[in-house]
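A.B. asks: Which chain is which? The protein sequence lines are A and B, in order. The numbers in the UniProt record's numbering rise by one with no breaks, and the one at position 37 of the first sequence is 37. The numbers in the UniProt record's numbering rise by one with no breaks, and the one at position 168 of the second sequence is 168. Positions of the beta carbon are idealized from the N, C-alpha and C atoms, including for glycine.
There are 2 protein chains.
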Amino acid sequence: MQNRAEDGLNCTIDERIVGKERERETLGENLRRHLERSISVGELAPGTRLDEKELAARYQVSRTPVREAFRLLAASGMVELRGRQGAIVREIGVNQLLEMFQVMAELEGLCARLAARRITTCQRQRLAEIHQHLVEIGEAPTPDPDLFYQVNLEFHELIYTASHNTFLEEQTHSLRNRVGAYRRQVTNLPQRIASTIEEHERVMQAIFQHDAEAAHNAMRGHLTLLGEDLIDFIAQFGR
Amino acid sequence: MQNRAEDGLNCTIDERIVGKERERETLGENLRRHLERSISVGELAPGTRLDEKELAARYQVSRTPVREAFRLLAASGMVELRGRQGAIVREIGVNQLLEMFQVMAELEGLCARLAARRITTCQRQRLAEIHQHLVEIGEAPTPDPDLFYQVNLEFHELIYTASHNTFLEEQTHSLRNRVGAYRRQVTNLPQRIASTIEEHERVMQAIFQHDAEAAHNAMRGHLTLLGEDLIDFIAQFGR
DNA sequence: TATATGTTTATTGTATTCAAGTTTGATTTA
DNA sequence: TAAATCAAACTTGAATACAATAAACATATA
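#1: For A/Thr172, does the count of other Cβ atoms within 10 angstroms reach 16, so buried, or fall short, so exposed?
#2: Does B/Glu99 pass the burial test, meaning 16 or more other C-beta atoms within 10 Å, or should it be called exposed?
#3: Going along the segment 152-183 of chain A in order, which residues come within less than 7 Å of chain B, judged by CB to CB distance?
#4: Got a sec: does the ligand ADP put a non-hydrogen atom nearer than 7 Å to the Cβ of A/Glu170?
#5: Less than 7 Å between C-beta atoms, sequence neighbours within five positions excluded: which residues of the same chain meet that for B/Ile119?
#6: For a test of the three-state rule: what should DSSP assign to residue 248 of chain B, helix, strand or coil?
#7: In the structure shown, what three-state DSSP assignment does B/Glu43 receive?
#8: In chain A, what lies closer than 7 Å to B/Glu52 by C-beta?
#9: Comparing the C-beta of A/Arg22 with each C-beta of chain B, is any distance below 8 Å?
#10: Can you tell me which of the three DSSP states A/Glu80 falls into?
#11: Around the Cβ of A/Leu180, are there at least 16 other Cβ atoms within 10 angstroms (buried) or fewer (exposed)?
#12: Once you ignore the five residues that flank A/Met204 on each side, which residues in its own chain have a CB closer than 8 Å to its CB?
#13: Using a Cβ cut-off of 9 Å, pull out every chain B residue sitting near A/Gln102, in sequence order please.
#14: Determine the direct distance from the alpha carbon of B/Gly28 to that of A/Phe167, and round the result to whole angstroms.
#15: Spatial neighbours of A/Leu175 within its chain, please: CB distance less than 6 Å, with the 5 preceding and 5 following residues excluded, ordered by chain position.
#16: Over what stretch of residues does the alpha helix (DSSP H) that includes B/Ile197 continue unbroken?
#17: Give the secondary structure of B/Ala74 by DSSP, where H, G and I count as helix, E and B as strand, and everything else as coil.
#18: According to DSSP, is B/Arg178 helix, strand or coil?
#19: Is A/Ile88 closer than 8 Å to residue 255 of chain A when the C-beta atoms are compared?
#20: Counting pairs of beta carbons, one from the segment 55-69 of chain A and one from the segment 45-63 of chain B, are three or more of them closer than 8 Å?
#21: At the level of alpha carbons, what is the spacing between A/Arg184 and B/Glu139?
#22: Give the secondary structure of A/Ile137 by DSSP, where H, G and I count as helix, E and B as strand, and everything else as coil.
#23: Mapping DSSP to helix, strand and coil, what is B/Arg67?
#24: What residue range is occupied by the uninterrupted alpha helix (DSSP H) comprising A/Ile159?
#25: According to the neighbour-count rule (16 or more other Cβ atoms, all chains shown, within 10 Å of its Cβ), is A/Ala218 buried or exposed?
#26: Taking A/Val89 as part of the beta strand (DSSP E), name the residues at either end of that continuous run.
#27: Just to make sure I have the definition right: I need the residues of chain B whose C-beta is within less than 8 Å of the C-beta of A/Ser76. Which are they?
#28: How big is the Cα-Cα spacing for A/Leu114 and A/Phe155?
#29: Roughly how many whole angstroms lie between the Cα atoms of B/Arg202 and A/Glu198?
#30: A/Arg36 touches chain B at which residues, Cβ-Cβ below 9 Å?
#31: Residue range of the alpha helix (DSSP H) that A/Gln102 falls in?
#32: With a CB to CB cut of under 6 Å and the five nearest residues on each side skipped, what residues in its chain are close to B/Asn95?
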């Protein structure tokens, strides 16, 4: 908490601690991060089977850490373990995806609400910078989708941090990772670029004006891709 | 999902599937459930050191499944693994506890909002029954705190289910478990019983009237109060 | 020819062994 | 007597060996 407060003042991130933690990191943890990244980026497509032996060979470790990583990923819902039938990258059904988006919208809404009250001046500057960057990317003749995705991510992540609720930040970050592979498909649609920037604008202004409710609503609106009525309708289907 | 839909109609829970899953459950998973329960109930107090060898002996398994369980619990934040220094039941600081309550309030608020729109008639009946039960417990000359805690849990859990968002249900349930050991101390305060029932009344009425916003606010209010009481409780401790 | 059953193979779950690190206690020196 | 250093033991991290289960293929029978 204290560290984070300092963060807000001097705008630096203490990478040393991360580095130190990395040293002490267990092989399984390390592997989990690798795989999680691969999955959330879409490198490992949903449905892909993960072979213990193969991964063990690839990463030059024994099966034990690989299994550890699998369990961890299963716990966070990114892979599915079927007893003695191997691990597969979890396929998220349309239903569950909508469910997750709904929760995501609520969590990010809370982030925005808290950020409106707690954001530091330094974080305000940074947020404006990121937004400006995003605008520039959008104005390019042929916007780079990957770059847009990346900077868009930065925008949202900064708001998580600005909520100054570490737990919320972690939860939201983790959930975003989990739906990352799918979200990318939606967020990156070219026609979404303009409206994304517009919506970010609204969120940002609300935060800058310390209008918690407006920030909450703007963020929720930004993330509510489908009408709530439609979601209700699909929820009745039951997959 | 299909099962859940049927749930709504005939009010039964298919225990067979759970039983079947239990059979196929891995030892590590099983152990995780046991430990998680012990922790969330408060049987294993925060700060308690968990010894691999001892647990392996107690549960008549090798160290491997025990380690698996530890990793899983660490992933969900219930225990802390310090490299080669053993696992301890995580002590949740006051800060983080408040952070968690804030997220909890938001998630349960969403549950209530969705429940207001989606609750089935069967679930309405059940909710009313549970509430009535809670009232009766509260009216007893000397209310049983454990029973009150248990039935109170049922009330909230039913609302999670009535949201008809499985993912949200799981997330909220998991978070509640995580703060369970601390929450219990607060919820069980005798003077909270009356106001808890009153607040439940408001939440329930809003849900019955399909007033999503009112349900959301009532639930958030209900849990925010818990947070404030929590502050009082912790203040007594001094930590 | 199709289906069912049995056997074999491959893959995962569990146990045991090996290695590395931390802690604690004892001994020595100041 | 106190503090510091070294060593030994205990505990965890990782690897390998073993057991059990499920899937796939082949053969036999209807």
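C.D. replies: Reading it off the structure:
#1: buried
#2: buried
#3: Asn165, Thr166, Phe167, Leu168 and Gln171
#4: Within the structure as shown, the ligand ADP is missing, as the structure has no ligands at all.
#5: Ala162 and Ile207
#6: The structure shown does not extend to residue 248 of chain B, since chain B is modelled only from 1 through 239, so no value can be given for it.
#7: coil
#8: Simply none; closest approach about 14 Å.
#9: Because A/Arg22 sits at a pLDDT of 46, beneath the cut-off of 50, its placement in the model cannot be relied upon, and the following sentence gives the value as read from the coordinates. For A/Arg22, the answer is no, since every Cβ of chain B falls outside 8 Å of its Cβ.
#10: strand
#11: Per the sequence shown, the amino acid found at residue 180 of chain A is Gly instead of Leu. By the neighbour-count rule (16 or more Cβ atoms within 10 Å), A/Gly180 is buried.
#12: Leu127, Ala128 and His131
#13: Leu110, Leu114, Asn165, Phe167 and Leu168
#14: 26 Å
#15: Met104
#16: Pro190 to Phe208
#17: helix
#18: helix
#19: Look at the range of chain A in this structure, 1 to 239, and you will see that residue 255 of chain A is not part of it.
#20: no
#21: 54 Å
#22: helix
#23: helix
#24: Pro145 to Ala162
#25: buried
#26: Ala87 to Val89
#27: Ala75
#28: 15 Å
#29: 38 Å
#30: The sequence shown places Glu at residue 36 of chain A, not Arg. Ordered by position in chain B, no residue passes the 9 Å Cβ test against A/Glu36, which lies about 11 Å from the chain.
#31: Val94 to Arg118
#32: none
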